[in-house]
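Asks: One structure is given below, represented as structure tokens, and several questions about it will come after.
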Amino acid sequence: MFIALGTYVMKFFNEIGKISQLTRDTFKWMFRKPFDVKNIVSQMVHIGYNSIPVTLITSLFTGMVFALQTGLSLEVKLKGTSQFVGGVLIIALVRELGPVLTALIIAGRIGSSIAAEIGTMKVTEQIDALKTLATNPVHYLSVPRFLALTFMMPALVLMADFIGWIGGGFVSLAELKVPLLTYYYNSQSALRMGDVFSGLIKSSVFGMIIAVIGCHKGFQTEGGAEGVGKSTISSVVTSSMLILISDYFLTSFLNFALKI
Amino acid sequence: MENQKKIKIKIRNLWKKLAAKTVLKGLDLDIYEGESVVIIGRSGEGKSVLLKHIASLLRPDEGEIHIDDKEITSLNDQMLTEVMMKIGMVFQNAALFDSLDVDNNVGFFMYRYRKDLTPEKIREIVKEKLALVELRDIMHLKPAELSGGMKKRVGLARAIAVEPQIILYDEPTTGLDPITADAINNLIINAKKKLNVTSIVVTHDMVSAYKIADRIAMLYDGKIIFSGTPDEIKSTDNPFVQQFINGRAEGPISA
Ligand SMILES: Nc1ncnc2c1ncn2[C@@H]1O[C@H](COP(=O)(O)OP(=O)(O)O)[C@@H](O)[C@H]1O
Ligand SMILES: [Mg+2]
């Protein structure tokens with residue numbers, strides 16, 4: 001029993017060690033030549049551009065249902081308060097729902113595909129082939145994915161926030177009879193720059209988590225197609241957990257740092 | 261005769277444990293400059309593991325590997341790159357980069373590091389290398405669109421594109437039909453003649469071994485148990501070697 005627990009704990013710390021090593025290596029290689037601009041751009045397209053539809057649909061409906069639920073419960077508590085739905089929604093979206101939901105979607109969509117791609121390269125010896133061609137796999141594979149996710153996540157989240165907010169506005173109008181202008185002014189007066197900053201910084205960090213975990217699970221893959229499947233799943237599980245856990249600590253840190 | 265030649269690769273007392281299994285158990289091997297050595301042995305015996313040590317893809321638990329009199333197992337990453345540039349490796353399943361077309365696979369190193377060459381010049385060199393392995397008009401195909409034999413050729417072209425002094429082949433003919441396999445054998449012989457390289461070929465295909473080898477070495481139980489010319493190996497009375505080269509289930513090696 002204790003031995004089993006011991007090996008489990010050992011594995012856990014071993015894993016953390018490897019993840020931090022990979023993060024360090026990624027930063028180290030980020031500034032080394034050659035800068036693979038073509039590769040970075042193609043990763044940005046793959047990660048960012050291609051994820052726009054799914055991100056937008058998620059946030060649109062999240063905004064809509066959030067407006068509906070909040071508006072209705074406000075109205076039940078105190079008649080007429082549903083006009084404040086814009087302010088509540090935009091704060092929730094910009095600070096929490098936008099970054100976290102987008103990150104979870106991207107972890108499922110992109111984190112898994114990174115783990116699968118690199119995992120396949122590992123089991124088919126393509127990683128070894130890279131090394132024999134004098135190319136560090138972290139340099140060639142992790143760095144572009146890391147950069148792409150770090151910069152594309154905030155962009156996606158901004159879009160998600162905006163669409164969610166629009167969706168909420170129309171639901172408020174249709175279901176709660178809140179005029180669009182009221183919704184707009186209420187949102188505007190509630191939102192502060194710090195909220196936006198906090199959301200975007202979180203998004204970037206979530207992007208880094210997805211990239212590092214996806215690459216890590218890919219590089220650790222052993223044992224053929226079955227191994228690739230395992231890495232893919234475990235990349236989604238691990239990065240989702242880390243996103244939710246780090247969200248709490250990031251939020252409390254950013255609240256303190258940005259004084260909001 | 262061999263003694264007059266320069267030793268290109270010297271392996272001494274190489275030990276490697278992978279997972280729970282000790283794969284290499286104090287292996288010694290010398291490979292001379294310009295020589296083609298074929299390493300034979302059963303599946304799972306550690307042939308790929310040995311090649312990966314020579315290519316510096318694995319580090320031994322113990323022992324030394326000298327390439328051109330330089331001990332490589334203790335080098336740091338930067339110094340290692342220099343040594344690795346002397347070596348081209350052809351992987352068992354080609355290990356072509358799935359996401360890149362043939363042009364970018366073969367020219368991978370040049371496109372990435374040879375900023376002194378224009379892309380047009382590199383493309384020309386890639387064409388040349390592909391012609392060496394008797395391929396043309398496939399520059400823009402992705403690996404998924406190639407047959408097994410073509411992949412091996414492209415893998416060879418990618419390895420020779422870095423102009424190595426040593427080429428390591430991991431089971432170059434396994435899984436190919438006999439005619440394609442023989443074509444690959446000829447390419448290996450040609451590569452040696454035209455490029456003057458030292459070759460190490462891992463295989464359990466004896467037809468291929470007799471055709472390519474200046475010398476055949478047999479890996480068994482983590483060591484090289486025999487090494488000699490094809491004629492010497494055919495006439496040896498070592499029962500392990502005899503059992504293997506004649507492909508018998510009965511003998512000192514349990515099936
Ligand atoms: N990365 C690894 N981790 C654990 N065991 C390995 C690894 N690579 C090879 N092995 C084991 O080492 C032994 C030799 O493998 P290998 O060199 O691939 O054999 P072969 O002679 O067929 O090329 C096998 O038992 C294999 O399972
Ligand atoms: Mg093998």
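Chains R and A, in that order, give the protein sequences.
Going by our numbering, the residue at position 145 of the first sequence is 145; the numbering climbs one at a time, nothing skipped.
If you want our numbering, it's the position in the second sequence, counting the first as 1, plus 260.
Backbone N, C-alpha and C define an ideal beta-carbon position, used for all residues, glycine too.
Taking 8 Å as the cut-off, does the CB of residue 523 (chain A) come closer than this to any heavy atom belonging to ligand 1?
Replies: One cannot answer for residue 523 (chain A) here, as it falls past the ends of chain A, which runs 261 to 515.
Asks: How far does the alpha helix (DSSP H) with residue 61 (chain R) in it extend, from its first residue to its last?
Replies: As a first step, residue 61 (chain R) is located in the first sequence; it is residue number 61 there, counting from the start. Here the alpha helix (DSSP H) through residue 61 (chain R) covers 52–77.
Asks: Given a cut-off of 9 Å on the beta-carbon distance, is the pair residue 150 (chain R) and residue 211 (chain R) in contact?
Replies: Here the question's residue 150 (chain R) lines up with position 150 in the first sequence. Here the question's residue 211 (chain R) lines up with position 211 in the first sequence. Yes, the pair counts as a contact, with Cβ atoms nearer than the cut-off.
Asks: Comparing alpha-carbon positions, which option in R:181, R:48, R:98 lies nearest residue 198 (chain R)?
Replies: The residue given as residue 198 (chain R) occupies position 198 in the first sequence. Residue R:98 is the option with its Cα nearest to residue 198 (chain R).
Asks: Under 8 Å: does the beta carbon of residue 430 (chain A) sit that close to some heavy atom of ligand 1?
Replies: The residue given as residue 430 (chain A) occupies position 170 in the second sequence. Under cutoff, so the answer is yes.
Asks: Strictly by DSSP, which residues pair up with residue 461 (chain A)?
Replies: Here residue 461 (chain A) corresponds to residue number 201 of the second sequence, with the count starting at 1. Looking at the DSSP assignment, residue 461 (chain A) forms a beta bridge with A:298, A:429.
Asks: Can you give me the C-alpha to C-alpha distance between residue 3 (chain R) and residue 9 (chain R), rounded to a whole angstrom?
Replies: Numbered from its first residue, the first sequence carries residue 3 (chain R) at position 3. Numbered from its first residue, the first sequence carries residue 9 (chain R) at position 9. Rounded to whole angstroms, residue 3 (chain R) to residue 9 (chain R) spans 10 Å at the Cα level.
Asks: Check whether the Cβ atoms of residue 207 (chain R) and residue 153 (chain R) sit closer than 9 Å, and answer yes or no.
Replies: Indexing the first sequence from 1 puts residue 207 (chain R) at position 207. Indexing the first sequence from 1 puts residue 153 (chain R) at position 153. A contact, by the Cβ cut-off of 9 Å.
Asks: Restricting to runs no shorter than 3 residues, where is the beta strand (DSSP E) found entirely within the region 444–497 of chain A?
Replies: DSSP runs (the beta strand (DSSP E)) wholly in the region 444–497 of chain A: 458–463, 475–480, 483–488.
Asks: For residue 262 (chain A), does the count of other Cβ atoms within 10 angstroms reach 16, so buried, or fall short, so exposed?
Replies: Along the second sequence, read from residue 1 onward, the residue named residue 262 (chain A) stands at position 2. Only weak support is given to the placement of residue 262 (chain A): the predicted model assigns it a pLDDT of 47, under 50, and the question is left unresolved by the model.
Asks: Chain A beta carbons: is any one of them nearer than 9 Å to that of residue 136 (chain R)?
Replies: For this step, residue 136 (chain R) is matched to residue 136 along the first sequence. It does: the Cβ of residue 136 (chain R) has a partner Cβ on chain A nearer than 9 Å.
Asks: Would the C-beta of residue 281 (chain A) count as close to ligand 1, meaning under 8 Å from any of its heavy atoms?
Replies: Residue 281 (chain A) sits at position 21 when you count from the first residue of the second sequence. Yes - ligand 1 has a heavy atom lying nearer than 8 Å to the Cβ of residue 281 (chain A).
Asks: Just confirm the distance between the C-beta atoms of residue 444 (chain A) and residue 412 (chain A), as a whole number of angstroms; I'd bet it's less than 8 Å.
Replies: Taking the second sequence and counting its residues from 1, the one referred to as residue 444 (chain A) is at position 184. Taking the second sequence and counting its residues from 1, the one referred to as residue 412 (chain A) is at position 152. 6 Å between Cβ atoms; contact.
Asks: I believe residue 62 (chain R) touches residue 105 (chain R) by the beta-carbon criterion, under 8 Å. Please report the beta-carbon distance rounded to the nearest angstrom.
Replies: What you label residue 62 (chain R) is simply residue 62 of the first sequence in a count that begins at 1. What you label residue 105 (chain R) is simply residue 105 of the first sequence in a count that begins at 1. The pair is not a contact, with the Cβ atoms about 11 Å apart (cut-off 8 Å).
Asks: Can you tell which of A:463, A:422, A:416, A:439 has the C-alpha that lies nearest to the C-alpha of residue 448 (chain A)?
Replies: What you label residue 448 (chain A) is simply residue 188 of the second sequence in a count that begins at 1. Ranking the options by Cα distance to residue 448 (chain A), first place goes to A:416.
Asks: Show which residues of chain R have a CB atom less than 8 Å away from the CB atom of residue 341 (chain A).
Replies: One-based indexing of the second sequence puts residue 341 (chain A) at position 81. Correct list: 134.
Asks: Tell me the rounded alpha-carbon separation between residue 112 (chain R) and residue 51 (chain R).
Replies: Taking the first sequence and counting its residues from 1, the one referred to as residue 112 (chain R) is at position 112. Taking the first sequence and counting its residues from 1, the one referred to as residue 51 (chain R) is at position 51. In a straight line, the C-alpha of residue 112 (chain R) is about 13 Å away from that of residue 51 (chain R).
Asks: Just to make sure I have the definition right: I need the residues of chain R whose C-beta is within less than 8 Å of the C-beta of residue 349 (chain A). Which are they?
Replies: Translated into the one-based positions of the second sequence, residue 349 (chain A) becomes position 89. Neighbours of residue 349 (chain A) on chain R, chain order: 128, 129, 132.
Asks: Inspect the CB distances between the region 227–246 of chain R and the region 111–127 of chain R and report whether three or more fall short of 8 Å.
Replies: Output reads yes: the region 111–127 of chain R touches the region 227–246 of chain R.
Asks: For residue 205 (chain R) and residue 247 (chain R), what's the separation of their Cα atoms in angstroms?
Replies: Sequence index remark: in the first sequence, residue 205 (chain R) carries index 205 (1-based). Sequence index remark: in the first sequence, residue 247 (chain R) carries index 247 (1-based). Distance between the alpha carbons of residue 205 (chain R) and residue 247 (chain R): 9 Å.
Asks: Verify the CB distance criterion: does residue 425 (chain A) have a CB-CB separation below 9 Å to chain R?
Replies: Stepping through the second sequence from its first residue, residue 425 (chain A) is reached at position 165. So, not an interface residue.
Asks: I'd like to check one pair, residue 182 (chain R) with residue 83 (chain R): are the Cβ atoms closer than 9 Å?
Replies: For this step, residue 83 (chain R) is matched to residue 83 along the first sequence. For this step, residue 182 (chain R) is matched to residue 182 along the first sequence. Taking 9 Å as the Cβ cut-off, residue 83 (chain R) and residue 182 (chain R) qualify as a contacting pair.
Asks: Could you pull out every unbroken alpha helix (DSSP H) segment of at least 4 residues lying fully inside the region 155–210 of chain R, listed in chain order?
Replies: If we require 4 residues or more, the alpha helix (DSSP H) runs fully inside the region 155–210 of chain R come out as 180–190.
Asks: Can you grab the Cα-Cα spacing for the pair residue 174 (chain R) / residue 364 (chain A), in whole Å?
Replies: Your numbering for residue 174 (chain R) matches position 174 in the first sequence. Your numbering for residue 364 (chain A) matches position 104 in the second sequence. Roughly 55 Å between the two C-alpha positions.
Asks: Taking the Cβ atom as the reference point for each residue, do residue 59 (chain R) and residue 193 (chain R) lie within a distance shorter than 9 Å?
Replies: Stepping through the first sequence from its first residue, residue 59 (chain R) is reached at position 59. Stepping through the first sequence from its first residue, residue 193 (chain R) is reached at position 193. No.
Asks: CA-CA distance, residue 468 (chain A) and residue 483 (chain A)?
Replies: For the purposes of this step, residue 468 (chain A) is identified with residue 208 of the second sequence, where counting begins at 1. For the purposes of this step, residue 483 (chain A) is identified with residue 223 of the second sequence, where counting begins at 1. In a straight line, the C-alpha of residue 468 (chain A) is about 22 Å away from that of residue 483 (chain A).
Asks: Evaluate the contact criterion for the region 298–305 of chain A versus the region 250–258 of chain R: three or more CB pairs, one atom per stretch, below 8 Å.
Replies: Flag = no, the region 298–305 of chain A and the region 250–258 of chain R do not touch.
Asks: Counting only runs of 4+ residues fully inside the region 221–260 of chain R, write out the alpha helix (DSSP H) ranges in chain order.
Replies: If we require 4 residues or more, the alpha helix (DSSP H) runs fully inside the region 221–260 of chain R come out as 224–258.
Asks: Considering residue 366 (chain A), what are the terminal residues of the alpha helix (DSSP H) in which it resides?
Replies: Taking the first residue of the second sequence as 1, we reach residue 366 (chain A) at position 106. That run of the alpha helix (DSSP H) goes 362–366.
Asks: Using CA atoms only, rank isn't needed, just tell me which of A:343, A:274, A:383 is closest to residue 287 (chain A).
Replies: Translated into the one-based positions of the second sequence, residue 287 (chain A) becomes position 27. Looking at the Cα atoms, A:274 is the closest of the given residues.
Asks: Would you say residue 328 (chain A) and residue 346 (chain A) are within 9 Å of each other, going by their C-beta atoms?
Replies: Working through the second sequence from its first residue, we reach residue 328 (chain A) at position 68. Working through the second sequence from its first residue, we reach residue 346 (chain A) at position 86. For residue 328 (chain A) and residue 346 (chain A), yes; Cβs fall inside 9 Å.
Asks: Residue 124 (chain R) touches chain A at which residues, Cβ-Cβ below 7 Å?
Replies: Locating residue 124 (chain R) in the first sequence gives position 124, counting from the first residue. Going along chain A in sequence order, the residues near residue 124 (chain R) (Cβ under 7 Å) are 353, 355.
Asks: Run the proximity test for residue 462 (chain A): is its beta-carbon closer than 8 Å to any non-hydrogen atom belonging to ligand 3?
Replies: By its list of ligands, the structure shown excludes ligand 3, since it contains just ligand 1 and ligand 2.
Asks: Relative to chain A, which residues along the region 32–46 of chain R have a C-beta separation below 7 Å, given in chain order?
Replies: The region 32–46 of chain R vs chain A, Cβ under 7 Å: 34.
Asks: Can you give me the Cβ contacts of residue 434 (chain A) inside the same chain, cut-off strictly under 8 Å, excluding the 5 residues immediately before and after it?
Replies: Locating residue 434 (chain A) in the second sequence gives position 174, where the first residue counts as 1. Same-chain partners within the cutoff: 352, 463, 464, 465.
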